[in-house]
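J.: Throughout, the numbering used here is defined as the position within the sequence shown, counted from one, plus 9. The C-beta atom is built at its ideal place from N, Cα and C for all residues, glycine as well. As the structure is a computational prediction, the values presented were derived from the model and not from experiment. Here's a structure for you.
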Amino acid sequence: EESGRGERRKEEEEKRSIFERYLSGKVPNEVSRDLEQFGYDLFLTPTNTLTPSVNLPVPSDYMIGPDDEITVILWGRTNSQYSLKVNRDGNIFFPMIGNIPVTGFTFEDTKKIIQKQVAEKLQGTEASISMGPLRSIVVFVLGNVKRPGAHPVSAYSTISHALFAAGGPTKIGTLRNIQLKHQGELMGRLDLYAFLLKGDTSNDMRLEAGDVTFIPHVGKLV
């Protein structure tokens with residue numbers, strides 16, 4: 010009889026939720042006693058695996074700048090291939106055509122500009138344009154971050170890439186109110202919990218040279 014009552018008590022205990030068992034004064038085995046701040050272990054991954062892939066397609070709104078490389082393939086009356094680097098003046102030098110200004114234009118507009126020049130000056134020739142290696146830019150990661158300072162990143166990088174380059178926020182830095190500033194003006198905020206819990210990267214904005222990613226103090230904790 011005692012054995013039967015013991016079995017029933019055990020079954021009733023197992024039916025109770027972990028939280029109910031915790032409130033009764035008994036810490037269930039399923040509950041770890043080691044408390045950690047949620048999300049900070051995201052930055053334990055080596056940074057070299059988290060840089061933008063060179064194999065990703067470049068979006069049409071990518072802004073061309075000095076040191077970007079543009080690949081042009083010609084076919085028709087002229088068959089050749091060129092890798093054209095954007096110089097400091099913002100131009101590419103295209104053999105048989107000359108200098109073509111491209112800095113400040115989007116990748117989509119740059120393709121149209123080059124194709125128009127080819128159509129006008131190399132009649133009977135068509136062109137296919139793609140991006141080669143992208144330039145590097147220097148951005149600043151400041152505030153409560155492990156390695157504050159200036160960090161070189163790809164021009165295709167976003168706020169999260171800059172965070173990984175700087176080692177991520179310290180335990181007193183926020184994951185929920187990461188600020189992007191451009192020339193002193195607040196451009197946007199990133200909530201990493203939206204990414205961790207929902208996969209939402211809509212606020213992970215692309216960086217420009219000289220941008221500042223600022224990590225404020227974490228504030229209140231639960």
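Let me know the secondary structure DSSP gives residue 71 once reduced to three states.
T.: Three-state result, residue 71: coil.
J.: Quick one: grab the DSSP three-state call for residue 94.
T.: In the structure shown, residue 94 sits in a strand (DSSP, three-state: E or B).
J.: Along the chain, where does the beta strand (DSSP E) containing residue 82 start, and where does it finish?
T.: Taken as a continuous stretch (DSSP letters only), the beta strand (DSSP E) holding residue 82 covers 78-85.
J.: Compare the Cα-Cα distances from residue 213 to each of 191, 171, 219, 83 and report the closest residue.
T.: Of the candidates 191, 171, 219, 83, the one whose C-alpha sits nearest the C-alpha of residue 213 is 171.
J.: Going by the DSSP bridge assignment, what does residue 147 pair with across the sheet?
T.: Answer is 161, bridged to residue 147.
J.: Can you tell me whether residue 50 is buried or exposed? The criterion is at least 16 other CB atoms within 10 Å of its CB, across all chains shown.
T.: The residue in question, residue 50, is exposed, as its Cβ has fewer than 16 Cβ neighbours within 10 Å.
J.: Would you kindly check if the distance between the Cβ of residue 139 and the Cβ of residue 80 is under 8 Å?
T.: Yes, these two residues count as a Cβ contact at 8 Å.
J.: What do you get for residue 128, buried or exposed, if any count of 16 or more other CB atoms within 10 angstroms of its CB means buried?
T.: With fewer than 16 Cβ atoms within 10 Å of its Cβ, residue 128 is classed as exposed.
J.: Let's see if you can read the secondary structure: which residues bound the beta strand (DSSP E) around residue 226?
T.: Looking at the DSSP string, residue 226 is not in any beta strand (DSSP E), and its letter there is neither H nor E.
J.: Quick check: the segment 101-114 against the segment 153-169, are at least 3 beta-carbon pairs closer than 8 Å?
T.: Because the criterion of three Cβ pairs below 8 Å is not met, the segment 153-169 and the segment 101-114 do not touch.
J.: Quick check on residue 171: does DSSP put it in helix, strand or coil?
T.: Note: residue 171 maps to helix in three-state DSSP.
J.: Apply the 10 Å Cβ neighbour rule to residue 184 and answer buried if 16 or more other Cβ atoms are within range, or exposed otherwise.
T.: By the 10 Å Cβ count, residue 184 comes out buried.
J.: Give the list of continuous alpha helix (DSSP H) stretches no shorter than 4 residues that lie fully inside the segment 107-146.
T.: You should have 116-130.
J.: Rounded to whole angstroms, what's the CA-CA distance from residue 182 to residue 77? Just pull it up for me.
T.: So the alpha carbons of these two residues sit roughly 34 Å apart.
J.: Give me the Cα-Cα distance between residue 222 and residue 109, rounded to the nearest whole angstrom.
T.: Spanning the two alpha carbons is a distance of roughly 34 Å.
J.: Quick one, which of 44, 215, 227, 141 has its alpha-carbon nearest residue 4's?
T.: With the chain covering only 10 through 231, there is no way to say anything about residue 4.
J.: Taking residue 75 as the reference, which of 87, 68, 102 has the closest Cα?
T.: That would be 102, whose Cα lies nearest to the Cα of residue 75.
J.: For residue 219, count neighbouring Cβ atoms within 10 angstroms of its own Cβ and tell me buried if that reaches 16, exposed if not.
T.: Exposed, since its Cβ has fewer than 16 Cβ neighbours within 10 Å.
J.: I'd like to know whether the C-beta atoms of residue 136 and residue 83 end up nearer to each other than 8 Å.
T.: Going by C-beta atoms, residue 136 is nearer than 8 Å to residue 83.
J.: What's the gap between the Cα of residue 156 and the Cα of residue 90?
T.: Answer to the nearest angstrom: the Cα atoms are 42 Å apart.
J.: Once the 5 residues before and after residue 191 are set aside, which same chain residues still bring their CB inside 7 Å of it?
T.: Counting only Cβ-Cβ distances below 7 Å, and skipping sequence neighbours, we find 217, 220.
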